[in-house]
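The sequence shown begins at 15 in the working numbering and counts up one residue at a time. Inspection log for the structure reproduced underneath, given as structure tokens.
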Amino acid sequence: MVRVKKLAGKQRQQFWYGILACLTTLLCILVSPVVARDVGSQELTTSVVASDFSRDLENLSPNLSPKRREALTTPPSLVGKGAGGLGIELAYPSNVKSQIVASSSPEQAAKNLYMTGRFSQAVELLQQAYQTNGDPVEKAVILSNLALNLHQLGRIDEATKAIEDAIAILQKIPQSSQLPVWAQIWDVKGNLELAQGKAQAALSSWETAASLYQQLKDSDKAILAQINQAQALQALGLYRREISLLQNLTKDLQKQPDSLAKAASFRNLGEALALAGDFPQAQKHLQQSLEIAQKLASPETIATAYLSLGNLDYIPGSNTKQKKTALAYYEKAAISSTTATSKIPAQLNRLRLLIELEQWAEAQALYPEIQSQITNLPLGRSAIYAQVNLAQRLLEMRQKFSEPNPETIAKILAVARQQAQQLQDVRSESFVLGNLGHLYELSQQWSIAQDLTKQALDLSQSIQAPDIAYRWYWQMGRILCQGKPHCDQSGDITGAIAAYQQAFNSLQNIRGDLIATNKNVQFSFRETVEPVYRRLVDLLLQSSTSSQENLKQARNVIEALQVAKLQNFLQQACQDSKLELDQVIDSQDQTSAVIYAIILNDHLEVILKRPNKELSHYTASPQEKIQDVVKLLYDNLQDDSAYDEVKDYGQQVYNWLIQPIEKELKESNIKNLIFVLDGPLRKIPMASLYDGQQYLVEKYSVSLALGLQVREPKPLNRETMKVLAASLTDPPENQEVSGFSRLVNVSFEVKEIKKTGLAVDWIADQEFTTKNFNKELNTANFDVVHLATHGLFGENRENTFVVTADGKLKIDDFDQLFSSEGQSRKQKIDLLILSACQTATGNDQAVMGIAGTIVQAGASSAIASLWDLDDEASVPFMKEFYQHLGQPNISRAEALRLAQQSLLKSDKYDHPRYWGPYVLVGSWL
Numbered sequence: 015m016v017r018v019k020k021l022a023g024k025q026r027q028q029f030w031y032g033i034l035a036c037l038t039t040l041l042c043i044l045v046s047p048v049v050a051r052d053v054g055s056q057e058l059t060t061s062v063v064a065s066d067f068s069r070d071l072e073n074l075s076p077n078l079s080p081k082r083r084e085a086l087t088t089p090p091s092l093v094g095k096g097a098g099g100l101g102i103e104l105a106y107p108s109n110v111k112s113q114i115v116a117s118s119s120p121e122q123a124a125k126n127l128y129m130t131g132r133f134s135q136a137v138e139l140l141q142q143a144y145q146t147n148g149d150p151v152e153k154a155v156i157l158s159n160l161a162l163n164l165h166q167l168g169r170i171d172e173a174t175k176a177i178e179d180a181i182a183i184l185q186k187i188p189q190s191s192q193l194p195v196w197a198q199i200w201d202v203k204g205n206l207e208l209a210q211g212k213a214q215a216a217l218s219s220w221e222t223a224a225s226l227y228q229q230l231k232d233s234d235k236a237i238l239a240q241i242n243q244a245q246a247l248q249a250l251g252l253y254r255r256e257i258s259l260l261q262n263l264t265k266d267l268q269k270q271p272d273s274l275a276k277a278a279s280f281r282n283l284g285e286a287l288a289l290a291g292d293f294p295q296a297q298k299h300l301q302q303s304l305e306i307a308q309k310l311a312s313p314e315t316i317a318t319a320y321l322s323l324g325n326l327d328y329i330p331g332s333n334t335k336q337k338k339t340a341l342a343y344y345e346k347a348a349i350s351s352t353t354a355t356s357k358i359p360a361q362l363n364r365l366r367l368l369i370e371l372e373q374w375a376e377a378q379a380l381y382p383e384i385q386s387q388i389t390n391l392p393l394g395r396s397a398i399y400a401q402v403n404l405a406q407r408l409l410e411m412r413q414k415f416s417e418p419n420p421e422t423i424a425k426i427l428a429v430a431r432q433q434a435q436q437l438q439d440v441r442s443e444s445f446v447l448g449n450l451g452h453l454y455e456l457s458q459q460w461s462i463a464q465d466l467t468k469q470a471l472d473l474s475q476s477i478q479a480p481d482i483a484y485r486w487y488w489q490m491g492r493i494l495c496q497g498k499p500h501c502d503q504s505g506d507i508t509g510a511i512a513a514y515q516q517a518f519n520s521l522q523n524i525r526g527d528l529i530a531t532n533k534n535v536q537f538s539f540r541e542t543v544e545p546v547y548r549r550l551v552d553l554l555l556q557s558s559t560s561s562q563e564n565l566k567q568a569r570n571v572i573e574a575l576q577v578a579k580l581q582n583f584l585q586q587a588c589q590d591s592k593l594e595l596d597q598v599i600d601s602q603d604q605t606s607a608v609i610y611a612i613i614l615n616d617h618l619e620v621i622l623k624r625p626n627k628e629l630s631h632y633t634a635s636p637q638e639k640i641q642d643v644v645k646l647l648y649d650n651l652q653d654d655s656a657y658d659e660v661k662d663y664g665q666q667v668y669n670w671l672i673q674p675i676e677k678e679l680k681e682s683n684i685k686n687l688i689f690v691l692d693g694p695l696r697k698i699p700m701a702s703l704y705d706g707q708q709y710l711v712e713k714y715s716v717s718l719a720l721g722l723q724v725r726e727p728k729p730l731n732r733e734t735m736k737v738l739a740a741s742l743t744d745p746p747e748n749q750e751v752s753g754f755s756r757l758v759n760v761s762f763e764v765k766e767i768k769k770t771g772l773a774v775d776w777i778a779d780q781e782f783t784t785k786n787f788n789k790e791l792n793t794a795n796f797d798v799v800h801l802a803t804h805g806l807f808g809e810n811r812e813n814t815f816v817v818t819a820d821g822k823l824k825i826d827d828f829d830q831l832f833s834s835e836g837q838s839r840k841q842k843i844d845l846l847i848l849s850a851c852q853t854a855t856g857n858d859q860a861v862m863g864i865a866g867t868i869v870q871a872g873a874s875s876a877i878a879s880l881w882d883l884d885d886e887a888s889v890p891f892m893k894e895f896y897q898h899l900g901q902p903n904i905s906r907a908e909a910l911r912l913a914q915q916s917l918l919k920s921d922k923y924d925h926p927r928y929w930g931p932y933v934l935v936g937s938w939l
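Put into structure tokens, the structure is as follows:
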């Protein structure tokens, strides 16, 4: 009986997939077009989350879509470039409440088409108007409008030429008589420049626009132009200037009377603050926007504020409580809204959350309601986006239920495709075709899936959109492997590698743009980017393809992933003079080897680089889950009674990583191992691995690198070494810092360092304030900075700091404190030592926090811990470490090893709980 039911279910599935092949074509012929409607007085708003239709359907992460991607795709007068929300009004002037009305003039008709997302038709009208209009000022305005529409269509070069032509026309007219037009043109110019990655030029253009708006006493537009400046500053990594600008804006806004424009400005500012990572202030300003809207009884503005508040709570990694709060906001937004234009984004966000929270009954009841509401949207890009978004949500539901069937989803996408073609909207059509291709991919109709994906890819390339092209390359790679992990056994592995390589190249091109936004609105690495890197590595390392060239490329891809993660953590590019690890160990340190450990699904790939040797590669396929063994080892490493367990689990990991290459390491006389680790392996101090007889630290010195490059490593010179030490016995108890215990032994620790004969400047206890530390740091060129205080080095910047007598020294402050530019110091720090409890958490992102601190501090290396240190054990440890540091022929990695061995040999501290947690990240010499 059960077997019959299963067979019937399979037959039903085959039936639906059977008719899917011809369905799209038929629907494009038979479905009537959606007629644009007069939606009355309304505020045109688009949810950032709901419009994130570019997400691949395998990605179920709830992260918001990148604001930088909005800058590439969305002109400011629709949804607000940069800070999001209402946005600025450029050459298409409109009130906060934009009313789409019919008009006999081509310019007004073009505006109406633009406001409804019918950009191609608007371009035609504007080009006609330009030819028939003889007034030079009006021609300049028409050109700026034309630039906005061309930008939306991805025709950036044409848009740029239109703006340049407008400027050339206006330069022949006295500027003082045409300030409003000049202001609008500089605004448009800034938008186009940021879309091309020219953030510095965009900043300059928006500064000019803001200045002109101020001369015109148009405070609303001046404020919004400054919010756009904040986006440009963020793209440049100038976070302090960005935050300062936004704080000044806040003061100006407080003085203005309540208005819909003020509500929109607070909303823009709140979303901009969220981009800057200041979530409490973002919440405050979004709440103010809501309160103003409620006072003014504006339903659509109220709905938009609720929508933004929901988006703030709906972030990657948010807990169930936050998700339920976001869900409540979305429900309020939908209830408050009186138009489909603002109701549908809230409903789509709500549907996504219901699916994620597995509230299936509510989700099944909601999606038909959304589907019917979409027909009330005017024909335009927003309607297309909404349909693609709905199709994505329905595919997510199909992972749990047989309904909705593929026919329903295909019909939605077919209508969206027809509308995109009718509007000649290339970008939208690319998204529709790509998602339709994914539907066929899931049905394993590989030929049709490949054809549709190829069409989507061609369209994205025609408008130079690498931010979406990488998704279709990724999808093509999966299709060519026919969804199977071992592509060399089925499918086209050569074609798949080429497709993934193109996806990787596209990501490399846009990485600098994407890192310009806060982690909560960036793409999620684990969901939308990391799989591309890992799958490419997997294909390159499959048995039939693992040549030296492929091994090098696999290593380069992992390097790029590590760098991208660090940049994602820091929210800025890491630009510094660096050397290749290969170059260093081939010529400068021929006693070191580099071990790259890469976790791929259920197996571990290891690449070994020895001095002046070709790369070696081997695969470990343990029967146990790698993550489970690593977790057990990590837990037991912190239990000073668990000797046998530490050795057992430590030997398992040793057998995966080291045992297969022991012979090669001995042949090359290797003394130091440099690990480039992946995922949960980063939680484990490699020194604690066990070979059955000895810990790894008894045979090799050990260090960690984040990728293939390091700052130029150089040995420390003990004779000239200067140390700046700061210690804090009693952490402050205030709102910013609380819950940290007293550190009884930190003063003894620093005293022992001083006894080793080194030149040590010491700031102790209540004197250890951020101001005093900064002052002391810049009195001399210190080689080593030793912080004996509580710290927390977590998985994100907000949770990465050290404790001072007056609060926190945040990672964002490190670049200012440790930078040698503009200070009396002429050199960068060689070694940053973080010696205290909770220097890092057990999360596998802890090393990212440590590495991020190194970069932010401008240091070449850092020593920190992977779990809470024993305050008492740190005293003899640091004493031993500093006795060896900088001695002739003793590297900092070797000094660390000798200090660890000294504890290992003691009866009191022989368990790895005491000597194991210390890790050296960065330069090891």
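Just so it is clear, CB atoms sit at the ideal spot from N, CA and C, and this is done for glycine as well. All values derive from a computational prediction rather than experimental measurement.
Residue nearest to residue i in terms of C-alpha spacing, selected from the options
{"i": "residue 573", "options": "544, 562, 600, 584", "result": "544"}
{"i": "residue 131", "options": "181, 153, 355", "result": "355"}
{"i": "residue 191", "options": "713, 465, 179, 229", "result": "229"}
{"i": "residue 907", "options": "874, 171, 934, 892", "result": "934"}
{"i": "residue 937", "options": "184, 599, 623", "result": "599"}
{"i": "residue 875", "options": "692, 719, 903, 314", "result": "719"}
{"i": "residue 783", "options": "774, 766, 801", "result": "801"}
Nearest-angstrom Cα separation, counted from residue j out to residue i
{"i": "residue 924", "j": "residue 768", "result": "25 angstroms"}
{"i": "residue 276", "j": "residue 285", "result": "14 angstroms"}
{"i": "residue 758", "j": "residue 520", "result": "53 angstroms"}
{"i": "residue 58", "j": "residue 164", "result": "The predicted model places residue 58 with a pLDDT of 22, which falls under 50 and marks its position as unreliable; any figure quoted below should be read in that light. Spanning the two alpha carbons is a distance of roughly 20 angstroms."}
{"i": "residue 178", "j": "residue 171", "result": "11 angstroms"}
{"i": "residue 715", "j": "residue 686", "result": "5 angstroms"}
{"i": "residue 771", "j": "residue 892", "result": "14 angstroms"}
{"i": "residue 959", "j": "residue 283", "result": "Nothing in the structure corresponds to residue 959, since the chain is present only between 15 and 939."}
{"i": "residue 270", "j": "residue 150", "result": "36 angstroms"}
{"i": "residue 928", "j": "residue 349", "result": "58 angstroms"}
{"i": "residue 72", "j": "residue 137", "result": "Residue confidence is low: residue 72 scores 26 on pLDDT, short of 50, so the model does not pin down where it sits. Its coordinate-derived value is still stated next. In a straight line, the C-alpha of residue 72 is about 36 angstroms away from that of residue 137."}
{"i": "residue 173", "j": "residue 206", "result": "8 angstroms"}
Limits of the unbroken beta strand (DSSP E) element including residue i
{"i": "residue 800", "result": "798-802"}
{"i": "residue 685", "result": "Per DSSP, residue 685 belongs to no beta strand (DSSP E) and is neither H nor E."}
{"i": "residue 875", "result": "875-879"}
{"i": "residue 776", "result": "773-778"}
{"i": "residue 619", "result": "617-623"}
{"i": "residue 847", "result": "845-848"}
{"i": "residue 723", "result": "723-725"}
Neighbour-count burial assignment, residue i, 16 or more Cβ in a 10 Å radius
{"i": "residue 745", "result": "buried"}
{"i": "residue 919", "result": "exposed"}
{"i": "residue 346", "result": "buried"}
{"i": "residue 657", "result": "exposed"}
{"i": "residue 457", "result": "buried"}
{"i": "residue 921", "result": "exposed"}
CB-CB length for residue i against residue j, believed under 8 angstroms
{"i": "residue 611", "j": "residue 679", "result": "Contact flag wrong, Cβ pair sits at about 15 angstroms."}
{"i": "residue 517", "j": "residue 491", "result": "7 angstroms"}
{"i": "residue 288", "j": "residue 326", "result": "6 angstroms"}
{"i": "residue 751", "j": "residue 817", "result": "5 angstroms"}
{"i": "residue 609", "j": "residue 648", "result": "Actually they are not in contact, since the Cβ atoms of residue 609 and residue 648 sit about 19 angstroms apart, beyond 8 angstroms."}
{"i": "residue 890", "j": "residue 917", "result": "7 angstroms"}
Cβ of residue i within 8 angstroms of any chain D Cβ
{"i": "residue 641", "result": "No chain D appears in the structure shown, which is made up of a single protein chain."}
Enclosing alpha helix (DSSP H) for residue i [first to last residue]
{"i": "residue 305", "result": "293-309"}
{"i": "residue 548", "result": "544-555"}
Near the ligand MN: residue i beta-carbon under 7 angstroms from a heavy atom
{"i": "residue 316", "result": "In the structure on display, the ligand MN does not appear, and there are no ligands present to speak of."}
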